[in-house]
Every structure is written in C-alpha cells, then in structure tokens.
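See below for the structure under consideration.
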Amino acid sequence: MSYIGSMMECSAVVYRPTIGHDGRRGVTQDPFVPVDPDSGEPAVGRLETELPCSVNQASPRDVILYGQRNSEFSTVLVFAQDPKCQINDQVRVRDYTGNTTYYQVVGAAVPVGRGQQWVVTASYVQQPLYP
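Residue numbers for the sequence shown follow numbering that gives the first Met the number 0, beginning at 0 and rising by one.
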C-alpha cells in the first residue's frame with residue numbers, strides 16, 4: 000500500500016452474508032461476517048481488518064448514468080487497496096471523529112488511477128443488518 004492510505008480520513012470493514020443450507024428451510028442466509036482483504040473470503044472467527052477509505056458523494060452524472068440502468072446509489076467509497084467488495088456486501092465506515100455509518104455495495108470495486116485507488120459505488124443504509 001502506498002502513502003495514499005495515509006491520506007484517507009476514514010476506515011472501513013467489509014461484511015458479507017454467508018449462505019448456508021438447512022434441511023427444513025432450504026437455503027439460509029446467516030449473519031454478515033467480516034471479509035478478509037487478502038483473500039476476499041469471509042473471515043469467520045478472525046478479527047476485523049480496517050481498510051483506509053474516503054467517502055464521497057456521487058456525482059450527478061454518475062447517478063443519472065446508473066439510473067438509466069435501473070440502479071440507484073448515492074455514495075462513492077474510495078479505498079487505498081482492493082477491498083474485495085462484491086455486490087450486496089455491507090461496509091461499516093468509521094471516520095476520525097468516531098461516527099459510524101453503513102453502506103450497501105451496489106457495484107464491484109473498480110481500480111482507478113493506475114491501480115492506486117479502488118472505487119466502490121454504494122448506498123447509505125439506515126438500519127444495518129449486523130451490529
């Protein structure tokens with residue numbers, strides 16, 4: 000990771016639901032668990048890894064473009080390394096003042112700036128599905 004990470008004002012943890020199978024109910028969705036940023040797999044039983052990030056409001060041009068595709072998002076999360084986000088992951092973002100907000104990922108992580116940063120499109124979540 001380059002010095003770009005030291006310029007990010009927030010830290011984020013990516014959470015992913017785990018899908019299980021139940022003999023009575025069929026497919027079940029277990030609670031969200033942290034994602035390991037190295038492997039991109041759910042890190043069951045491991046500590047959360049906080050990634051440096053920056054939270055920005057989406058530009059009107061991007062909102063209109065995604066609206067034409069029947070997608071809606073309001074926020075762009077910028078990471079200093081690949082966060083291994085997938086669609087429907089949830090991200091907990093904590094800023095330098097200690098405020099915590101939650102976002103639902105609506106687009107895969109895309110490298111920008113020669114791979115120095117990763118951009119994730121997301122929507123604000125009022126009531127997260129995990130603590």
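Backbone N, C-alpha and C define an ideal beta-carbon position, used for all residues, glycine too.
Scanning S73, T48, V54, L50 for the CA closest to the CA of R60 turns up S73.
Within the region 68-103, complete beta strand (DSSP E) segments of at least 3 residues are found at 74-78, 89-94, given in chain order.
With respect to the C-alpha of C52, the residue from R15, V109, P82, H20 having the closest C-alpha is P82. Per DSSP, V34 lies in no beta strand (DSSP E) segment and is marked neither H nor E. No Cβ-Cβ contact shorter than 9 Å links A57 with Q85.
Counted as a single uninterrupted DSSP element, the beta strand (DSSP E) harbouring Q116 occupies residues 116-124. Residue environment for P33: buried (at least 16 other C-beta atoms within 10 angstroms of its C-beta). Y102 sits close to A121, with the two beta carbons spaced by under 9 Å. Spatial neighbours of T100 in its own chain (CB-CB distance under 6 Å, excluding positions within 5 residues in sequence) are listed in chain order as V92.
Listed as beta-bridge partners of V54 by DSSP are L76. Between V124 and V77 a beta carbon distance of about 18 Å is seen, past the 8 Å cut, so the two are scored as non-contacting. According to DSSP, P110 shares a beta bridge with W117.
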